[in-house]
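In what follows, a single structure is set out as structure tokens and then discussed.
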Amino acid sequence: MEKSYQIKGMSCAACASKVEKAVSGINGVSRASVNLMKNTCSVVFDDALVSDENVIAAVDSAGYEAVISKQGNLFLDDETELKQIRVRLYISLTLTVFIMLLSMGHMFSLHLVHNGFINGCLQGAMSLIVGILQKQYFISALKALKHGGFNMDSLVSTGAAASFIYSVFSLLNVELTDSFEVLSSAHPVFFEGAAGILTFVAIGKYIENRAKHRTSSAVSALYDLAPKSVSVKRDGKVVPVLIDSVSIGDTVVLKAGDKIGIDGVVTSGSAHIDESALSGESRPVKKELSDVVSSATFVLDGYLEVEVKKVGEETTLSKIIRMVENTAQTKVPIARIADVAASYFVPVIFAIAALTFIVWYFVLSAEFSRSLSFAISVLVVSCPCALGLATPVAIMAGTGRAAREGIIFKSPEALEILGRSEVIAFDKTGTLTCGTVSVVAKECLDENIPLNIASLYAASIEGRSSHPIARAFYTPSATLLEVENFSFEKGLGVNALIGGKKYYVGNEKLLDKLGISLTADVGYKLEEFQKGGSSVVFLTDDSHAIAFFVLADPLKAESSNLISRFKSASVRTLMLTGDAENTAEQIANKLGISDYSYRMLPEDKLNRIKALQSEGKKVIMVGDGINDSASLSQADVGIGLKGSMDIALSSCDVILLKERITDIYNAFLISRATMRNIRQNLFWAVVYNVLTIPVACGVLYPAFKITLSPMLCSILMGISSVCVVSNALRLTVLKFDSPENIKENVFMKKTISIEGMMCNHCSSSVKKSLEALPNVSDVEVSLEDKCATLNTTDDSSDPLLKAAVESAGFKVIDIK
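Residues in the sequence shown are numbered consecutively from 8, following the working numbering.
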């Protein structure tokens, strides 16, 4: 069982590490993962051994508070708290400015209070108020100390408390008649440091939290797709109810403008639905009786009554949100290194601060105030937050940006591996091609069976199949024969009994298996069709071929551009298809793919993927998610193109909800950009600490008199965290390829000289054959000139044009 808990009181990576360790130590817990971005802990456990009380108690023992996460947008709950923080921050900043004017105003010829004792008392009083307003740092540090640990708040509160306590004792030595100069010489005070540390750290945390909200804006937008309430028919009346109160079997009433918050089936009415959030289809989709509607869509016009089939976390929208959040929640391997470093970070900083004080005061005999200032600076300038946020904030921003485009990463490993993969393998049908296969030519090979009967046999058998090719043989309204014992053979075709006799519909591999051979004339015809990029399917019985059907599936407009993009990114591209050699060769040549394999069964594709991996290659596989499930699972990253249908498929690591082939490269881009961003963040976090901690220790002071005051250190620490989060924010505006960026197809006019046309019936046959071809339009046939003219977007379609004309019974003389 997996459950999420909200954790209160965490401030840095050390806190997250401590919570993870406490929860992971429970007997029965197999995995605990803390998301510092959302202050949540995802726990996978055996519910027979572990209860909510066990998890909450373990978190409490670590010094933090846990509550069961409620369903919904957790970031919305933070808005009220952020407003309260903002008010406290404004007051603290105002008081800190006044303290700075009192302590450093003389540097600008501004003398507000001349009496040193009164000046110091005013600074101390305002500093104390700031401490009370920002008491959360002291409370968090005390909780951590109570449970034998340290966190970022321990560093901040120790630095502020040390500055304040030292200043109070120093102020006690100031005479009532002393001037304010003694506060910076004989009896120095650091009230401005104490207030400044707390205020500027709080400012940094506030800006960081706001930026974290922005990085998660895309995920928050997903929640907004669901309505808070819906109208339900109950006892003959339509009543509004909260979405959480809807049950399976209820009838939801939908009108124009309503968001659909459930998955269900239309029982009455008709309406146009906007499904762009799920499918990317901008055109409205008409829904009528028995049609399926999904959450995350909304009604444009009309009226629907829908029987609820799925609610809550089982809806399509909830599954999408859960996958996005789980990816952000789970750590990528590179993050685990940072977590280990962060867990040791705070104790090491305390040790460095103590060593700094000892060296300056006892070894170098420096003044107590200066030695203390150096030690406090070390505590305040160090920043475990930047180290802890480096990975989760980038992943949240990256997955959120991808989700906005309908790209869903099902695991953080996929996000990490995709961008550094070296090979991408494509299935052909429905991936590089449109998947809208049509029969462009057919011929009977058995003179005893008319062509229309052979077509009916093939359509009746394929009518039982769910394969995309099957839809080329029949229409939903077609009258088909009854078939029995339907069977599907992967990579070969289908078969069934018609009138007690077994018939097969399949490819050339099926003929080989059955031991059926073709005549030379038929072989020549098939070769011509295959040269044009078409596939050929046969109807046979156990002994001979009855008919063949030529199927054409046009390339997607974006396919060529997609292959070019991956080539320019130095990713090796290959195509794996079950089609014949000529068909595969033609498609590969059009796309510029030099490495392709043909006549491949599903197990052949799987073995090819394994062979590439054995060479040490990281492999991406792109397929339809059903026939290619084995190779998709075997690949390092499997990408499914069936949109929301792929959500439940374990074989897909990346899902393209909008089914745009350009999103394959967009997913690749976001993976590379996110991992690059993580490395930049980790580099900045490490370099910042490596550079600032030695300066804060005072290593440059003896030679150059360069030092960092505690207040300046607090500003730097805040800036470091803000820089990390701001860098991740760049991912939210990453530019992707879109269909609008793909070049429009260029039409070419072709003229075919034809021999043998004698009448209008002849010219009509030629026209019909040519119009059935993909990527062909504006066909005109002239009986007088003995030629046909047409427009095509395919510059290598001559063999297919020739085959189409010859299948109609005429001879092609020339094509220009």
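C-beta: ideal position from N, C-alpha, C; glycine also.
{"Query": "Whole-angstrom C-beta distance between Leu-422 and Ile-402, which should lie under 8 Å", "Result": "7 Å"}
{"Query": "Cutoff 6 Å; reference Glu-588; Cβ partners in own chain excluding five residues on either side", "Result": "Tyr-605"}
{"Query": "For Asp-281, three-class secondary structure by DSSP", "Result": "strand"}
{"Query": "Residue burial classification, Gln-141 (beta-carbon count within 10 angstroms, cutoff 16)", "Result": "buried"}
{"Query": "Supposed close pair Ile-700, Ser-389 - CB separation, criterion 8 Å", "Result": "6 Å"}
{"Query": "Assigned exposure category for Tyr-531 - 16 Cβ within 10 Å defines buried", "Result": "exposed"}
{"Query": "Environment of Lys-266 [buried if 16+ CB atoms lie within 10 Å]", "Result": "buried"}
{"Query": "Same chain, Cβ closer than 7 Å to Glu-127, five either side skipped, listed in chain order", "Result": "Per the sequence shown, the amino acid found at residue 127 is Gly instead of Glu. Closer than 7 Å at the Cβ level, and outside the excluded window around Gly-127, lie Leu-178, Val-181, Leu-190, Val-196."}
{"Query": "Ile-677 vs Thr-398 beta-carbon contact at 7 Å", "Result": "no"}
{"Query": "Lys-45 burial status per 10 Å Cβ neighbour count (16 or more: buried)", "Result": "buried"}
{"Query": "Straight-line gap, Asp-549 to Pro-457 (C-alpha atoms, nearest Å)", "Result": "18 Å"}
{"Query": "Endpoints, the alpha helix (DSSP H) within which Leu-463 is located", "Result": "458-469"}
{"Query": "7 Å Cβ shell around Ile-738 - same chain, five flanking residues per side excluded", "Result": "Strictly speaking, residue 738 in this sequence is Leu, with Ile absent from that position. So the qualifying residues of the chain are Ala-401, Ala-404, Gly-405, Arg-408, Ala-680, Thr-681, Asn-684."}
{"Query": "Where the beta strand (DSSP E) containing Leu-583 begins and where it ends", "Result": "579-583"}
{"Query": "Residues near Leu-83 by beta carbon distance below 7 Å, same chain, minus five either side", "Result": "Confidence is the limiting factor: at Leu-83 the pLDDT is only 46, short of 50, which leaves the residue's position unreliable, though a coordinate-based value still follows. Result list for Leu-83: empty, nothing under 7 Å."}
{"Query": "Cβ-Cβ distance between Ala-69 and Ala-21 below 7 Å", "Result": "no"}
{"Query": "Contact under 7 Å by Cβ, Tyr-71 with Val-120", "Result": "no"}
{"Query": "Beta-carbon proximity check, Ala-479 vs Ala-554, cutoff 7 Å", "Result": "no"}
{"Query": "Contact between the region 463-472 and the region 568-582 (3+ Cβ pairs under 8 Å)", "Result": "no"}
{"Query": "Assumed close pair Leu-663, Gly-413 - CB separation to whole angstroms, cut-off 8 Å", "Result": "6 Å"}
{"Query": "Local conformation of Gly-271 per DSSP, three classes", "Result": "strand"}
{"Query": "Among Ser-770, Asp-785, Ile-822, Lys-823, the one whose alpha carbon lies nearest that of Gly-816", "Result": "Ser-770"}
{"Query": "Status (buried if at least 16 other CB within 10 Å, exposed otherwise) for Ile-365", "Result": "exposed"}
{"Query": "Extent of the continuous beta strand (DSSP E) run through Gln-13", "Result": "9-15"}
{"Query": "Straight-line gap, Ala-811 to Thr-274 (C-alpha atoms, nearest Å)", "Result": "45 Å"}
{"Query": "According to DSSP, residues forming a beta bridge with Asn-122", "Result": "Ser-186"}
{"Query": "Beta-bridge pairing of Met-628 - partner residues as DSSP gives them", "Result": "Ala-432, Gly-645"}
{"Query": "DSSP beta-bridge partners of Cys-48", "Result": "Tyr-12, Val-41"}
{"Query": "Residue interval of the beta strand (DSSP E) (run including Asn-798)", "Result": "794-799"}
{"Query": "C-alpha distance - Ala-655 paired with Val-661, whole-angstrom precision", "Result": "The predicted model places Ala-655 with a pLDDT of 46, which falls under 50 and marks its position as unreliable; any figure quoted below should be read in that light. One C-alpha to the other measures close to 12 Å."}
{"Query": "Nearest-angstrom Cα separation, counted from Tyr-481 out to Glu-787", "Result": "27 Å"}
{"Query": "Buried versus exposed, by CB contacts within 10 Å (16 or more), Glu-188", "Result": "exposed"}
{"Query": "Spatial distance of Glu-321 from Gly-268 (CA atoms)", "Result": "11 Å"}
{"Query": "From Ile-713, Gly-725, Leu-324, Thr-796, residue whose alpha carbon lies closest to that of Ser-760", "Result": "Thr-796"}
{"Query": "For Tyr-12 and Leu-135, the rounded distance between their alpha carbons", "Result": "35 Å"}
{"Query": "Three-state class that DSSP yields for Ile-600 in the structure shown", "Result": "coil"}
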